[in-house]
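Following: one structure in structure tokens, then a few remarks.
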Ligand SMILES: [Zn+2]
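Numbering (our numbering), first residue to last: 73 to 253.
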């Protein structure tokens with residue numbers, strides 16, 4: 073009777089192992105589902121963020137709320153990032169989505185931060201404003217916050233375009249703070 077005792081737990085252990093090894097075999101036979109999202113989707117495509125005006129008001133400063141949510145424009149030459157050219161990334165001040173990088177920032181002399189391209193991926197949305205304005209508005213694709221406007225008046229840049237963006241709509245993340253991949 074005494075000799076049987078050590079054998080019993082060993083048998084149970086073996087049975088447990090068998091169960092474990094059979095699990096992956098079952099999952100391998102599951103047919104591939106073609107509707108499963110693949111890695112070809114842009115990793116930068118963010119999930120939409122929707123908040124009420126009251127919710128935005130509680131998380132943004134009064135000036136941020138006016139510009140980001142009510143499409144106001146900060147006064148020229150007053151923004152924090154107009155003449156900043158440090159290496160880093162510019163994120164949406166409302167939702168944190170990364171929108172621009174310092175690589176495409178240039179000194180346009182217009183009084184607002186200027187970029188000749190947005191960060192790769194569907195980070196910003198362009199919307200033609202109705203006449204008589206006919207400017208093209210730039211908004212954050214993730215939270216629809218107003219960022220500024222885009223103009224085709226920068227022939228000195230690789231794209232010829234100027235994203236004229238309010239500093240208050242942006243949050244600068246220094247390159248040193250960005251984890252290297
Ligand atoms: Zn945003």
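Each residue gets a CB set at the ideal place from its N, CA and C atoms; glycine is no exception.
Alpha-carbon to alpha-carbon, residue 208 and residue 199: Here residue 199 is taken as the residue at index 127 of the chain shown, counted from 1. Here residue 208 is taken as the residue at index 136 of the chain shown, counted from 1. Their Cα atoms are separated by approximately 5 Å.
To the nearest whole angstrom, what separates the beta carbons of residue 160 and residue 244, a pair I think is in contact under 8 Å? Translated into the one-based positions of the chain shown, residue 160 becomes position 88. Translated into the one-based positions of the chain shown, residue 244 becomes position 172. Between residue 244 and residue 160 the Cβ distance is about 6 Å, and since that is below 8 Å, they are a contact.
Enumerate, from N- to C-terminal direction, the unbroken beta strand (DSSP E) stretches of 3 or more residues contained entirely within the region 186-244. 196-200, 208-212, 218-223 and 234-237
Answer yes or no: the CB of residue 217 versus the heavy atoms of ligand 1, is any distance below 7 Å? Against the chain shown, residue 217 aligns to sequence position 145. Yes, Cβ of residue 217 sits closer than 7 Å to a heavy atom of ligand 1.
Beta-carbon proximity of residue 214 to residue 226, cut-off 8 Å: Residue numbering aside, residue 214 sits at position 142 when the chain shown is read from its first letter. Residue numbering aside, residue 226 sits at position 154 when the chain shown is read from its first letter. Going by C-beta atoms, residue 214 is not nearer than 8 Å to residue 226.
By DSSP, does residue 171 sit in helix, in strand, or in coil? To locate residue 171, count along the chain shown from 1; it is residue 99. Here residue 171 sits in strand by DSSP.
Exposed or buried, residue 154, counting other C-beta atoms within 10 Å across all chains shown (16 or more means buried)? Here residue 154 refers to the residue found at position 82 when the chain shown is read from its first residue. It is buried - the Cβ of residue 154 has at least 16 other Cβ atoms within 10 Å.
Is any non-hydrogen atom of ligand 1 found closer than 7 Å to the C-beta of residue 248, if you look at the structure I gave you? As a first step, residue 248 must be located in the chain shown, where it is residue number 176. Flag unset: Cβ of residue 248 not near ligand 1.
Under 7 Å: does the beta carbon of residue 164 sit that close to some heavy atom of ligand 1? On the chain shown, position 92 is the one that residue 164 refers to. At least one heavy atom of ligand 1 is nearer than 7 Å to the Cβ of residue 164, so yes.
Extent of the continuous alpha helix (DSSP H) to which residue 161 belongs: Counted from its first residue, the chain shown places residue 161 at position 89. Not the alpha helix (DSSP H): residue 161 falls in the beta strand (DSSP E), residues 160-164.
Within 8 Å of any Cβ in chain B, is that where the Cβ of residue 238 sits? The chain inventory of the structure shown lacks chain B, comprising one protein chain alone.
Who are the Cβ neighbours of residue 149 in its own chain at under 7 Å, not counting the five residues just before and after it? Walking along the chain shown from the start, residue 149 turns up at place 77. So the qualifying residues of the chain are 183.
Residue 120 by DSSP, collapsed to three states: which one? On the chain shown, residue 120 is found 48 positions in, with the first residue counted as 1. Note: residue 120 maps to coil in three-state DSSP.
Candidates 140, 220, 175 and 122: closest to residue 236 by CA position: In the chain shown, the residue the question calls residue 236 occupies position 164. Ranking 140, 220, 175 and 122 by Cα distance to residue 236 puts 220 first.
Could you check what DSSP says for residue 149 in three-state terms: helix, strand or coil? One-based indexing of the chain shown puts residue 149 at position 77. Residue state, collapsed to three classes: coil.
Excluding the 5 residues preceding and the 5 following residue 99 in the sequence, name in chain order all residues of the same chain whose CB lies nearer than 6 Å to its CB. By 1-based counting over the chain shown, the position of residue 99 is 27. Confidence in residue 99 is poor, its pLDDT being 36 and thus under 50, which makes the residue's placement unreliable; the coordinate value appears in the next sentence. The answer is none, since no qualifying residue turns up.
Own chain partners of residue 169 with C-beta closer than 8 Å, once the 5 adjacent residues on each side are dropped: The residue given as residue 169 occupies position 97 in the chain shown. 118, 163, 195, 212, 213, 214 and 215.
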